[in-house]
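Note that the sequence shown ends on residue 95 in full-length UniProt numbering; no numbers are left out.
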Amino acid sequence: MKIIVTDEAIQWFKNEMDLQAGDHIRFFARYGGSNPFHEGYSIGMNTDIPINAIVTTTAGGLHFFIEEDDEWFFAGHDFQVTVDQELDEISYDYL
Numbered sequence: 001m002k003i004i005v006t007d008e009a010i011q012w013f014k015n016e017m018d019l020q021a022g023d024h025i026r027f028f029a030r031y032g033g034s035n036p037f038h039e040g041y042s043i044g045m046n047t048d049i050p051i052n053a054i055v056t057t058t059a060g061g062l063h064f065f066i067e068e069d070d071e072w073f074f075a076g077h078d079f080q081v082t083v084d085q086e087l088d089e090i091s092y093d094y095l
């Protein structure tokens with residue numbers, strides 16, 4: 001399990017969510033939507049403080065993480081956080 005965040009996504013987080021170096025972004029299993037591995041769930045994200053993070057990465061001064069409670073959703077999958085240029089929103093690609 002690995003989180004990769006593109007430079008464009010880092011700028012999106014800083015601009016759209018008004019984040020600054022040192023802030024934390026959590027990725028979690030969100031009820032609703034779909035993804036290739038869990039029908040009825042999608043990736044959610046918010047600002048939060050890690051408690052029992054199992055995966056962390058730092059990019060552009062921002063700290064990205066997944067909590068232990070969401071391991072079932074992400075287990076065995078790396079993903080890349082990008083920006084959908086047409087929709088100007090965050091997009092996730094499984095690697």
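Glycine included, C-beta positions come from ideal geometry on N, C-alpha and C.
Item, Value
"Can you tell me the Cα-Cα spacing of I10 and G60, whole angstroms?", "6 Å"
"Going along the chain, which residues of its own chain have a beta-carbon closer than 6 Å to the beta-carbon of I4, five neighbours each way excluded?", "Q80"
"Which residues in the same chain as E68 place their Cβ atom closer than 6 Å to its Cβ, once the five residues preceding and following it in sequence are excluded?", "N52 and I54"
"Would you identify the three-state DSSP class for E16, choosing helix, strand or coil?", "helix"
"Under DSSP, the beta strand (DSSP E) around E89 begins and ends at which residues?", "E89 to Y94"
"Residues bridged to T47 by DSSP?", "I25"
"So what's E71 in DSSP terms, helix, strand or just coil?", "helix"
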